[in-house]
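K.L.:
I have a structure here, written as structure tokens, and I will follow up with some questions on it.
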Amino acid sequence: MNDKLRIISIIPARAGSKRIPGKNKLFFQKQSLIEWSVKFALSSKMIDKTILSTDDQEIIGICNRYNILIHNRSKSLSTDESSTFDLLKDIYFNFLDQKADVIFLLQPTSPLREKNLIKEALKLISANE
346 MNDKLRIISI IPARAGSKRI PGKNKLFFQK QSLIEWSVKF ALSSKMIDKT ILSTDDQEII
406 GICNRYNILI HNRSKSLSTD ESSTFDLLKD IYFNFLDQKA DVIFLLQPTS PLREKNLIKE
466 ALKLISANE
């Protein structure tokens with residue numbers, strides 16, 4: 346695989362969950378779900394940039410201490426009917442300063458990830474080129 350690939354991770358964390366209010370800020374193993382995703386992204390040497398997309402000021406406050414970009418999610422992309430794909434398109438075309446070759450979506454509600462997940466995923470991508 347080309348070592349010059351630009352790899353970003355995007356963490357979507359909208360405020361308005363109706364089934365579990367504030368779910369992205371809930372604690373699991375002594376840290377919030379959002380922090381699990383942020384720390385995982387930052388621990389990967391392969392990811393060039395991490396973007397948190399949220400409409401929640403409290404989540405922004407939690408994540409301000411980390412070296413990540415904040416995408417202020419619009420109201421139209423923060424509804425129950427909003428699709429993650431539409432959010433990714435908005436970030437890709439309207440927010441990124443440089444286009445990405447690979448985008449990893451890190452859902453805060455899936456905090457348990459294998460340590461080598463990114464590396465293994467890139468191997469699979471490379472094998473299918």
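The sequence shown begins at 346 in the numbering used here and counts up one residue at a time. A virtual CB, placed ideally from N, CA and C, is assigned to each residue, including glycine. The structure presented is a predicted model; accordingly, all values stated were derived computationally and were not measured.
From Asn417, Thr429 and Ile404, pick the residue whose C-alpha is nearest to that of Gly367; which is it?
P.N.:
Ile404
K.L.:
Is it buried or exposed, Glu426, if we count other Cβ atoms within 10 angstroms and call 16 or more buried?
P.N.:
exposed
K.L.:
For Ser471, which of Val447, Asn409 and Ile396 has the nearest alpha-carbon?
P.N.:
Val447
K.L.:
Measuring alpha carbon to alpha carbon, tell me which residue in Leu414, Thr429 and Arg364 is nearest Phe440.
P.N.:
Leu414
K.L.:
Which first and last residues belong to the alpha helix (DSSP H) in which Lys468 is found?
P.N.:
Per DSSP, the continuous alpha helix (DSSP H) segment holding Lys468 begins and ends at Leu462 to Ala472.
K.L.:
On the criterion of 16 or more Cβ atoms from any shown chain inside 10 Å, does Asn369 qualify as buried, or is it exposed?
P.N.:
buried
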